[in-house]
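Residue numbers (our numbering), protein chains in the order written: chain A, 1 to 253; chain B, 1001 to 1409.
Built from N, CA and C at the ideal position, the CB exists for glycine as well.
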Amino acid sequence: MLADYIRKRREDRDILLMTHIVAGYPSFDDSLRIVEQMVEGGVDLMELQVPFSEPIADGPVILHANQRSLEAGSTVDRCFEFAEAVSQRFDIPFVLMTYYNILFKFGVQEFADRMAAAGLRGAIVPDLPPEEAGDYLEAMGRNELDPIFIFSPNTTDTRMSLISSRAGGFVYCVARKGVTGAETSFSADFEAYLSRCSAATELPLALGFGVKDAADVDFLRGQVDIAVIGTETLRVVDERGVEAVRGFIEELR
Amino acid sequence: MSEQGYFGEFGGSFIPEILVATFEELIAAYEEARADPAFWKTYVDLMGNYSCRPTPLTEAVNLTRHFGGARIFIKREDLNHTGAHKANNVMGQGLLIQRMGKKRVIAETGAGQHGVATATMAAKFGLECTIYMGEVDVARQRPNVFWMERMGATVVPVTEGSRTLKDAINEAFRDWVTRMDDTHYALGTACGPHPFPEMVSWFQSLIGEEARRQVLEQAGCLPSRVYACVGGGSNAMGIFGGFFEDDVELVGVEAGGAGLDSKAHASRLASSDATLGVAQGYKTYFLQNPDGQMNETHSVAAGLDYVGVSPILAHLSQTGRVRFEAATDEEVVDALSLTMQKEGLIPALESSHAFVQAFKEAPLMSPDEVIVINQSGRGDKDIFTIADAFGDPEWEAFIQKKAKEYDAR
Ligand SMILES: Cc1ncc(COP(=O)(O)O)c(C=O)c1O
Chain A
1 MLADYIRKRR EDRDILLMTH IVAGYPSFDD SLRIVEQMVE GGVDLMELQV PFSEPIADGP
61 VILHANQRSL EAGSTVDRCF EFAEAVSQRF DIPFVLMTYY NILFKFGVQE FADRMAAAGL
121 RGAIVPDLPP EEAGDYLEAM GRNELDPIFI FSPNTTDTRM SLISSRAGGF VYCVARKGVT
181 GAETSFSADF EAYLSRCSAA TELPLALGFG VKDAADVDFL RGQVDIAVIG TETLRVVDER
241 GVEAVRGFIE ELR
Chain B
1001 MSEQGYFGEF GGSFIPEILV ATFEELIAAY EEARADPAFW KTYVDLMGNY SCRPTPLTEA
1061 VNLTRHFGGA RIFIKREDLN HTGAHKANNV MGQGLLIQRM GKKRVIAETG AGQHGVATAT
1121 MAAKFGLECT IYMGEVDVAR QRPNVFWMER MGATVVPVTE GSRTLKDAIN EAFRDWVTRM
1181 DDTHYALGTA CGPHPFPEMV SWFQSLIGEE ARRQVLEQAG CLPSRVYACV GGGSNAMGIF
1241 GGFFEDDVEL VGVEAGGAGL DSKAHASRLA SSDATLGVAQ GYKTYFLQNP DGQMNETHSV
1301 AAGLDYVGVS PILAHLSQTG RVRFEAATDE EVVDALSLTM QKEGLIPALE SSHAFVQAFK
1361 EAPLMSPDEV IVINQSGRGD KDIFTIADAF GDPEWEAFIQ KKAKEYDAR
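As structure tokens, then:
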């Protein structure tokens, strides 16, 4: 399972990098080249987002990528083919990120079966709270896939324990209020928050929302297991092109 | 959160973790208010003093004579301050905002009626106010944008997605996750995550409570049927709420757009095009493709142009308690025209959907029977759309002249 991979990998790296892409943005060919650049640049795991027309937890940059990917004709099926291709070709774990309706319409059990068949290792579904996740947890468990859940700064300690009891792989800690893609200022409250997170779970911790450069990654060293770089890589692709991704990743460490 | 907020298999709360604490706070405030009779009294008094409640129930004598069937009564939500039932829900949530001590309110709007009502409430209660509105709706409901801005609200046009109501809701959620500490999101219809469907229906239940009392007084009997248009479902839930326990047939009328077989419509329950899904925080019937991506919808009435529908109404459709029908754009304009000419009333394009179905059925009913139509809002806001629909040459000439005057400046 993912937690073991993360712990093992942490033996010789003081922080792991997880990057995020929206499948089919700007195109599936480009997505493949972006993954290639990221793996060559040294990322340790990756999040593949299956686009959804109503991504309420995402900010403007990722929202835009979702819409463009759908306009270009992305389907769930095509995303699975893509996921299968990259999991076969690259030697890092891939997890899927999408909204619950995509699983629900596909059939939650069938979706999990298909994820496993594609070689994916887990999933992040930001609009599926653990209270609503019965079918999902069962389907994920049956396929030995990790259900990755989220902590946020206003999640209470009791609720963190509840979430942790359902979660697998790692816990995704949201650094601040807001949607993906805005700046985060890491304050003193932030350290208190991180210690609440580590106290609440045995699972490795990933931190996302607003991590954008080497200074941010540096700051997180020793505090969490994984730094998540989401929106910023999309910005790099949009502003500097696909070929700039590798260099951007290399500079983060 | 647990099993709260389900109506049969519909509803629930599918929200990002970051909003869970905010929803818990809202649910607590709502439940406390609901258990407190003083809160309801304050609400009713406020609506009486600020918004002309109780709104009248008008007997439509000429329309009744015209159709020669059931006696037609019209519940006049158009006479609320700001011209629609939306004011009820907004003032109710305004009182809750005061209880929660928040300083800022945000809202989505389609037709602009909910936006105008929210901007009004914000002005009255001294709140900062931001309204999200799809770019398409900004263009077709300009007069409402004007009023919102004059009342001090910031109107943000939403340029992503289909640029209509659903996209405005997404943007409002995105705002809320950034500023939930000082901000309340006043959702405008009986949709979204728990407690919104139930809470909005509660605030709107004033309509049905009054209408039941009024029809008994004026007609001496309960109506055989009650008609309401259905966008998200709040005015329908409001008026139906007065008659759930009675032997009264409840009829919800959705947007048939260019016709149910055209795909260019917004009928989630009256057509077989919608399927069960989870979006915008709740589970209901959505107009979506087999992958679960939301479709474009169409209606001449911005307020009905929406992909989902109240989970409470989805349940009532399943149990058969409410019957669902659809009215096309063309039928809507005809019904509106007839109502203006026969009664001097100007229903909103949204409300005119309910009139269409009532007009189809009234002639087939007996003169002993009574029907009630909910006129959810007034049509003045639709003057540009209605003038275009009528192809009014003088109006067009007027606009062209006005444009030339601006150009000359
Ligand atoms: C006048 C009027 N009627 C009806 C509606 C539809 O909303 P609901 O179905 O929530 O009543 C709207 C929405 O904007 C409206 O402005």
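Around A:H64, the beta-carbon contacts reaching into chain B at under 8 angstroms are E1160. When C-alpha distances from A:R176 are compared across A:S198, A:F170, A:G168, A:P153, the shortest belongs to A:P153. For B:K1166, the C-beta contacts it makes with chain A under 9 angstroms involve S53, E54, in order along the chain.
When CB distances to chain B are screened at a threshold of 8 angstroms, the residues of the segment 104-129 of chain A falling below it are F104, K105, F106, P126, D127, L128, P129, in chain order.
For B:H1184, the enclosing beta strand (DSSP E) covers residues 1183-1185.
Under the three-state reduction of DSSP output, B:H1081 falls in the helix class. Taking C-beta separations shorter than 7 angstroms and ignoring five residues to either side along the sequence, the partners of A:E251 in its chain run A214, following chain order. For the segment 1124-1200 of chain B, the continuous alpha helix (DSSP H) assignments of 4+ residues that do not extend past its boundaries occur at 1135-1140, 1142-1150, 1165-1178, in sequence order. Look at A:F151: its C-beta is under 8 angstroms from a C-beta on chain B.
Considering only beta carbons, the part of the segment 129-144 of chain A lying closer than 8 angstroms to chain B consists of P129, E131, E132, in chain order.
Sequence-distant partners of A:D157 (beyond 5 residues in either direction) whose C-beta falls short of 8 angstroms from its own C-beta, in its chain, are R196, A199, A200. Judged by pairs of C-beta atoms under 8 angstroms, the segment 1230-1238 of chain B touches the segment 1304-1316 of chain B, as three or more such pairs exist. By the criterion of a C-beta distance shorter than 6 angstroms, B:G1161 is surrounded in its chain by D1167, once the five residues flanking it on both sides are discounted.
Sorting B:T1385, B:T1284, B:F1324 by C-alpha distance to the C-alpha of B:Y1006 places B:T1284 at the top. Counting only the Cα atoms, A:G222 lies some 53 angstroms from B:L1304.
Distances from the CB of B:A1348 to the heavy atoms of ligand 1 include at least one below 7 angstroms. Under the three-pair Cβ rule at 8 angstroms, the segment 21-39 of chain A counts as touching the segment 66-73 of chain A. Boundaries for A:V50: no alpha helix (DSSP H) harbours it, and the DSSP string shows neither H nor E there.
With respect to chain B, the C-beta atom of A:Y5 has no partner C-beta closer than 8 angstroms. For the set A:F94, A:P129, A:F104, A:Y172, the Cα lying nearest the Cα of A:G119 is the one of A:F94. Comparing alpha-carbon positions, the option among B:L1096, B:N1295, B:A1153 lying closest to B:A1274 turns out to be B:N1295. A check of alpha carbon separations from A:V50 across A:L96, A:L137, A:P129, A:T231 identifies A:L96 as the nearest.
CA-to-CA, the gap between B:R1174 and A:A57 works out to about 7 angstroms.
The CB of A:T155 comes closer than 9 angstroms to the CB of E1017, I1018, V1020, A1021 in chain B, given here in chain order. Per DSSP, reduced to three states, the secondary structure at B:A1270 is coil, with no helix or strand assignment.
The C-alpha of B:Q1218 is placed about 50 angstroms away from the C-alpha of A:Y100.
Counting only the Cα atoms, B:G1208 lies some 5 angstroms from B:G1241. For B:T1164, the distance from the CB to the nearest heavy atom of ligand 1 is not below 7 angstroms. For the segment 1287-1309 of chain B, the set of residues with a beta-carbon nearer than 8 angstroms to any beta-carbon of chain A comprises Q1288, P1290, D1291, G1292, Q1293, M1294, in chain order. As a beta-bridge residue in DSSP terms, B:E1325 pairs with B:V1253. The segment 160-239 of chain A contains, as complete alpha helix (DSSP H) runs of 4+ residues, the segments 188-200, 214-220 (chain order).
Neighbours of B:F1173 in chain A, taken as residues whose beta carbon is under 7 angstroms from its own, are I56 in chain order. Assignment of A:L17 by DSSP, reduced to helix, strand and coil, places it in the strand class.
Distance between B:H1194 and B:Y1043, taken at the CA atoms: about 21 angstroms. Residue pairing by DSSP places B:R1378 opposite B:P1347 in a beta bridge.
Remark: the shortest separation between the CB of B:G1092 and any heavy atom of ligand 1 does not fall under 7 angstroms.
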